[in-house]
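Residue numbering for the sequence shown follows the working numbering, starting at 224 and increasing by one per position. Yeah, the Cβ is synthetic: ideal placement off N, Cα and C, and Gly gets one too. For reference, the structure is listed below as structure tokens.
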Amino acid sequence: YTNTNITVDLRRNRCLVDLLYGRINCRVAQNKRQFEVRAGDYLVTAKRSVFDVRKSPDHFSVVLVEGNAEVGISEKASIELFQGDRAVETPAKRLRRDPPDLSVLTAWHAGRLVFKDQTVSDAIEEVNRYSTVKIEVTDPTIASMRVSGGYGVGDPFGFAESISQLLPIKVQVSDGKIELSAKSHS
């Protein structure tokens, strides 16, 4: 379960993957057919490359693992990406190219989630993408705490238990969900 939704349109000269939401990994072989991924207003065009595309309501990114690609925004200008680049846009910052830590961003290919000084809220959002059992935060002070570490994809119980050992967090499982609350200072 990865909370991803795509459609694929295969035509003689074109393969168009429409990423409605979620995250996909694309491995494009040399082919006469043009390969594109549409994610909202963005269009990624690539030949003979490996890349990840992620789309959520407040985040868009393309991570180019191998090869090169072009990211276009509707009818506006485009950004060319080279191996190791990322194009990212959030509500706070317009689309831009940056050199990310590929080992962190591609860890999910090997069944791992890696967080480096991320908020608990952001980490939980990513953990929840890979499980039907969801983690919920019942105390808003927890959401802004920071977490680092590597965790197994699809193991929300392991993640919750691990961060409860590192942070002042209490874990409670009920009604098919995992609730995180602040430990009381008694």
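Inset, instruction - Could you check if S407 is buried or exposed, using at least 16 other CB atoms within 10 Å of its CB as the buried criterion? - result: exposed
Inset, instruction - Identify the continuous alpha helix (DSSP H) that holds N376 and give its terminal residues. - result: Checking the sequence, you will find Val at residue 376 rather than Asn. Careful: V376 lies outside any alpha helix (DSSP H) and carries neither H nor E.
Legend entry - Residue span of the alpha helix (DSSP H) that contains S326, given as start and end: 325-328
Inset, instruction - Helix, strand or coil for A262, going by three-state DSSP, please let me know. - result: Three-state result, A262: strand.
Legend entry - CB of E312 within 8 Å of CB of L318, strictly: yes
Inset, instruction - Check each candidate in A383, G373, I401 and name the one with the smallest Cα separation from A330. - result: G373
Inset, instruction - State whether the region 253-265 contacts the region 345-365, with contact taken as three or more CB pairs (one from each stretch) at a distance under 8 Å. - result: no
Legend entry - S344, enclosing alpha helix (DSSP H) - first and last residue: 343-352
Legend entry - Nearest to R271 (by Cα), restricted to the options S279, G263, L287: L287
Inset, instruction - Have a look at the DSSP bridge pairing and note the partners of Q257. - result: R237
Legend entry - Three-way DSSP call (helix, strand, coil) for T313 in this model: strand
Inset, instruction - Please determine, among K339, H332, P314, R335, the residue with the shortest C-alpha to C-alpha distance to D324. - result: Distances from the alpha-carbon of D324 to those of K339, H332, P314, R335 put K339 closest.
Legend entry - Straight-line gap, L390 to P379 (C-alpha atoms, nearest Å): So the alpha carbons of these two residues sit roughly 16 Å apart.
Legend entry - 8 Å Cβ shell around P314 - same chain, five flanking residues per side excluded: D281
Legend entry - Selection from Q395, N291, S371 that minimises the alpha carbon distance to V250: For clarity, residue 250 is Arg in the given sequence; the question names Val instead. Among Q395, N291, S371, the Cα nearest to that of R250 belongs to N291.
Inset, instruction - Identify the continuous beta strand (DSSP E) that holds A292 and give its terminal residues. - result: 282-296
Inset, instruction - Could you please give me the residues that DSSP links to R271 through a beta bridge? - result: DSSP, once it has assigned bridges, lists no residue as partnering R271.
Legend entry - Rounded straight-line distance, which links the Cα of V356 to that of N228: 19 Å
Legend entry - Boundaries of the beta strand (DSSP E) in which A405 is found, first to last residue: 400-405
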